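Accompanying notes for the structure given below.
Protein chains in written order, with this note's numbering: chain A, 5 to 334; chain B, 5 to 334.
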């Protein structure tokens, strides 16, 4: 299961098997979306499959995730989603109303994100397979003009921004499974981040260096991937990281770190210092971005690592997610 | 299971649920690929998931199908595949060598089809949930210039061309499952059809009216969909349809009609009569197209139906596939 958790085992699988065999022609395929030139037009494309269990949970459902996750992967790669295609793998015996509910959720999420679903495919597998339904979604989009994003553009002194409180999605799913004797007033943060990303891009322009959405593996895994890719140190202040009390409490009870918990409606951005305040203000002025904040900065040491500084002046290296404490989160 | 078989139940699901809720903005979304305008460039896009069992079979495997099926959906929509993205849903415990074999099969098929795989996603589900692996593939491509395809362009008098013998893929899968006490020297026809399609397009130009690959549901279902969409009669001569002896024999034993058996490496084309011979010659002159033939023509009666004429001058209406005699064929 760890190979699908988005952490170290996933990265080994991708680096060891998929990159050399499948993606050899694509130098930057580890980002959330690839760029393809078609008749001189740069088209962004991304794909994701969704196997979340349970299918619906406070704040969202698999259909909504399948749309927002794909719209967001395009957004953080610097592209506006134009069209989605969707593949359903359905379990025989799935009640029609469950399917219809998820199809409606997809339609509503697509409308909210301003994107069209233009084609699809359906396969049915035997009862007992596929946990009622899996959905694979692919999105294509156009570049947001004026951006040049990538780990190689990150510089010491740059600021690290997060769009809002972390860990809501993963912890909501964990509690929704009902396997723990734990209740909390929590909702998934699933939502499109394109509006916030567009406001940020307008305010920061080329001072915006890099973006990603910290889904599987959480903020710690996403920042570790960036640290490895750019070779720099990402210093994050523990006190500055927004975490809701319910998420923090559940994490403490379960021995989990909020930095490893999945998010669906947040993104991380690296912005040059001279534009950091304007960039933050632009996100905060956008609906849903009110809780955005600067959580740290980029330095040179310790190289290729993420260092969390505590309130007492101490620090701890936070690694990628290892293993999978929370399978089937998206 | 019938809802995933590509026949009548699938069409009801698509027409009744997906079209009104999801694809309402897309009038021609029932073709094998949709068209999306990005900054003035027309991008063709198609998606498919693959759940074939067994994973490998004489002549191919799921990885190869996942590439060729997508390349072919673009080809018959009049587009050249430029890039693919791929989503894996893997069962926990899947041996690494099985995954590597399929990843290599995808890489080889992509190379043979001249297309790049540019991005991917991997999810892992519990043991018992995904029959080792499911693959969802999406392809984007550029239009082949000079073509104008669609059911509305089909006219009485047009000829119906098939690219080669039918039923090889479905019958190969059925026999590969080993559930029948039946052996035959059969291989799946999985292959890219783009070379043949390009030769046909060059030879026929705008006289090429319509193309499709008769996968799930077979030639009968694909022709019935066309007949319904254009409102005309498709007359097919039974004697002219190429079927290998092994496929014909197995169909007779099992009470199946070769016209309902799935194909993976064939396509159907409708060509105006004045270009039909040149079009056929162009396919036959292309590697793999030697066995192409004209199997019938378009008339006005019986409206919106497929009529198979027998050697004795009789005829029978052949309907879409009803139910699913062969689940999990691709």
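Even for Gly, the Cβ is constructed at its ideal location relative to N, Cα and C. In this text the structure is predicted, and so the values were computed from the model without any measurement.
Quiz item: With distances taken from CA atoms, which of B:164, B:193 and B:169 is nearest residue 176 (chain B)?
Solution: B:193
Quiz item: In the DSSP assignment, what are the bridge partners of residue 200 (chain A)?
Solution: Paired residues: none, contrary to the question.
Quiz item: Interface residues of chain B around residue 135 (chain A) at Cβ under 8 Å?
Solution: 129 and 133
Quiz item: From which residue to which residue does the beta strand (DSSP E) around residue 127 (chain B) run?
Solution: 120-129
Quiz item: What does residue 75 (chain B) reach in chain A if we use C-beta pairs closer than 7 Å?
Solution: Close to residue 75 (chain B), with beta-carbon spacing below 7 Å, lies no residue of chain A; the smallest spacing is near 15 Å.
Practice problem: Can you say whether residue 141 (chain A) is buried or exposed, counting buried as having 16 or more other CB atoms within 10 angstroms of its CB? | Solution: buried
Quiz item: Three-state secondary structure (DSSP) at residue 253 (chain A)?
Solution: Looking at residue 253 (chain A) - three-state DSSP - the assignment turns out to be helix.
Quiz item: Looking only at C-alpha atoms, which of A:225, A:228, A:226 and A:263 sits nearest to residue 243 (chain A)?
Solution: A:263
Quiz item: Which residues mark the beginning and the end of the alpha helix (DSSP H) in which residue 147 (chain A) is found?
Solution: Per DSSP, residue 147 (chain A) is not a residue of any alpha helix (DSSP H); the beta strand (DSSP E) it occupies stretches across 137-147.
Exercise. Taking all protein chains shown into account, decide if residue 327 (chain A) is buried (16 or more other Cβ within 10 angstroms of its Cβ) or exposed.
Key: exposed
Quiz prompt | Range of the contiguous alpha helix (DSSP H) that encloses residue 78 (chain A) | solution = 66-80
Self-check item: Cβ-based neighbour list, residue 257 (chain A), same chain, cut-off 8 Å, excluding 5 preceding and 5 following
Solution: So the list reads 186, once near-sequence residues are dropped.
Quiz item: Should residue 233 (chain B) be flagged as near chain A, meaning a C-beta pair shorter than 8 Å?
Solution: no
Exercise. Note down the Cα distance separating residue 79 (chain A) from residue 330 (chain B), rounded to an integer number of angstroms.
Key: 41 Å
Quiz item: Any residues in the stretch 266-293 of chain A with a beta carbon nearer than 7 Å to a beta carbon of chain B? Which ones, in chain order?
Solution: Listed in sequence order: no entries.
Quiz item: To the nearest whole angstrom, what separates the beta carbons of residue 146 (chain A) and residue 86 (chain A), a pair I think is in contact under 8 Å?
Solution: 6 Å
Quiz item: Is the CB of residue 188 (chain B) under 8 Å away from at least one CB in chain A?
Solution: no
Quiz item: Bridge partners of residue 212 (chain A), per DSSP?
Solution: A:275
Quiz item: For residue 159 (chain B), does the count of other Cβ atoms within 10 angstroms reach 16, so buried, or fall short, so exposed?
Solution: An exposed status is given to residue 159 (chain B), since fewer than 16 other beta-carbon atoms sit within 10 Å of its beta-carbon.
Practice problem: Within its chain, find whatever has a CB closer than 8 Å to the CB of residue 221 (chain B); leave out the 5 residues flanking it on each side and keep chain order. | Solution: 9, 10, 11, 14, 264, 266, 324 and 325
Exercise. Kindly indicate which three-state DSSP category residue 302 (chain B) falls into: helix, strand or coil?
Key: strand
Quiz item: Candidates A:332, A:161 and A:190: which alpha carbon is nearest residue 304 (chain A)'s?
Solution: A:161
Practice problem: With 8 Å as the threshold, decide whether the Cβ of residue 22 (chain B) is near any Cβ in chain A. | Solution: yes
Quiz item: Between the C-alpha atoms of residue 84 (chain A) and residue 89 (chain B), what's the straight-line distance to the nearest angstrom?
Solution: 18 Å
Quiz item: When Cβ atoms are compared, which residues of the stretch 46-69 of chain A fall closer than 7 Å to chain B?
Solution: 47, 49, 50, 51, 52, 53 and 55
Practice problem: Report yes or no: is there a C-beta of chain B within less than 8 Å of the C-beta of residue 125 (chain A)? | Solution: yes
Self-check item: Rounded straight-line distance, which links the Cα of residue 53 (chain A) to that of residue 148 (chain A)
Solution: 25 Å
Self-check item: C-beta contact flag for residue 254 (chain B) and residue 295 (chain B) at 8 Å
Solution: no
Self-check item: Cα-Cα separation, residue 174 (chain A) to residue 198 (chain A)
Solution: 21 Å
Quiz item: In three-state DSSP terms, what is residue 152 (chain B)?
Solution: coil
Exercise. Count the C-beta pairs between the stretch 228-236 of chain B and the stretch 307-321 of chain B that are closer than 8 Å, then say yes if the count reaches three, no if not.
Key: yes
Quiz item: Three-state secondary structure (DSSP) at residue 265 (chain B)?
Solution: coil
Self-check item: Within chain A, partners of residue 7 (chain B) - CB distance below 8 Å
Solution: 94, 126 and 128
Self-check item: Residues of the stretch 102-127 of chain B with Cβ closer than 9 Å to any Cβ of chain A, in chain order
Solution: 103, 104, 107, 108, 110, 111, 114, 120, 121, 122, 123, 124, 125, 126 and 127
Quiz item: Can a CB atom of chain B be found closer than 8 Å to the CB of residue 27 (chain A)?
Solution: yes
Quiz item: Are any of the Cβ atoms in chain A nearer than 8 Å to that of residue 153 (chain B)?
Solution: no
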